[in-house]
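Student: My questions all concern the structure below.
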Amino acid sequence: MKRFTPIEWQSFSQKKNIEQILKRLDSVNSFGVSIIWEMVLIVFSVGLTNVFQEILSPRELKNGQIIIYSLAFLPIVIFFICFAWSFYKRKRLPMQLSPRNFIDQFDNEICYNAFMAESFYSMLLETNPSKENSPIAHAYEETKQFYYIEASYYFMKATQALCPFYFMKEKVVSTDPEMIIGKKLIAYARYENILSLLKKIFLYLEANENILEGLPEQNSVIATNKKMVSNLKAIQEKSSCDFLE
């Protein structure tokens, strides 16, 4: 089975970002259609005034124009109400994210960062060790340090995003096939698998801290990893996963 490199994982993430941008463009296109609709109605109003000004009374013309202008500006009013509500939810209601937001976060952020960490972890395992005192041996050590630091970084990103899941887990994670398929919930096996993967990565990083020996940032990287694990232990208390047990 092919193992994807970090660059390939990044390309997958960029593809998802492009898909999200396209969805936003669709909403922008809808707004553009509403603008065209308003222009058509305004032109129609002008034509109505010119054609029927000798047939209809001024009051009837005015009432007709009011109706047309109301129809013209209605899409703009609806758009700005929706925009204002969306902005309010993002800025004022950060803790009231919908289950759909958490599911998307799991698919697009947690899984991505976990597998980025796993890719650098795998490359660490594949880096040829060398004890020779030579430029080649020194280059190997620098490469291993780079892989270790990157694995630690993506491990941190995955666990940071995973920790809040405890509050929404019952709503977004399920073992029921009908709920997983019908409501597109996260399969419990996927959730447990991510925890297991992160456990494997951390245990390796913890057992091989000597890779960072000599780096000024050594203590910071190690302390960050352990802090993330202490946060995940809080999740483990509410989960059947044997993380770090």
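Taking my numbering, the leading residue of the sequence shown gets 4, the next gets one more, and so forth.
For every residue, glycine included, the Cβ atom is placed at its ideal position computed from N, Cα and C.
1) Would you tell me roughly how many angstroms separate the C-alpha atoms of ASP110 and ARG62, rounded to the nearest one?
2) By DSSP, does SER177 sit in helix, in strand, or in coil?
3) So what does ALA190 bridge to, in DSSP terms?
4) Cβ of PHE118 within 7 Å of Cβ of VAL175?
5) Do the region 154 to 173 and the region 196 to 206 touch if we need at least three Cβ pairs shorter than 8 Å?
6) Please go through the same chain and pick out, in chain order, the residues whose beta-carbon is closer than 6 Å to the beta-carbon of GLU212, but skip the five residues on each side of it.
7) Given a cut-off of 7 Å on the beta-carbon distance, is the pair TYR157 and ALA192 in contact?
8) Return the first residue and the last residue of the alpha helix (DSSP H) that SER101 is part of.
9) Just mark VAL80 as buried or exposed, buried being the case when its beta carbon has 16 or more other beta carbons within 10 Å.
10) Might you give, ordered along the chain, the residues of its own chain that have their beta carbon closer than 7 Å to the beta carbon of LYS160, omitting 5 neighbours on each side?
11) Within a Cβ cutoff of 6 Å, which residues of the same chain sit near GLN277, ignoring the five residues on either side of it in sequence?
12) If we ignore side chains and look at the alpha-carbon of each, how far apart do PHE123 and TYR150 end up?
13) Go ahead and pull the three-state DSSP assignment for ASN196.
14) Does the separation of the CB atoms of ASN228 and SER155 fall below 7 Å?
Tutor: In terms of the structure at hand:
1) Taking the straight line joining both Cα atoms gives about 59 Å.
2) strand
3) SER177
4) Taking 7 Å as the Cβ cut-off, PHE118 and VAL175 do not qualify as a contacting pair.
5) yes
6) ILE225
7) no
8) Element bounds for SER101: n/a, residue is neither H nor E.
9) exposed
10) Here the set comprises ASN116.
11) No statement about residue 277 is possible, as the shown extent of the chain runs from 4 to 248 and does not include it.
12) 5 Å
13) helix
14) yes
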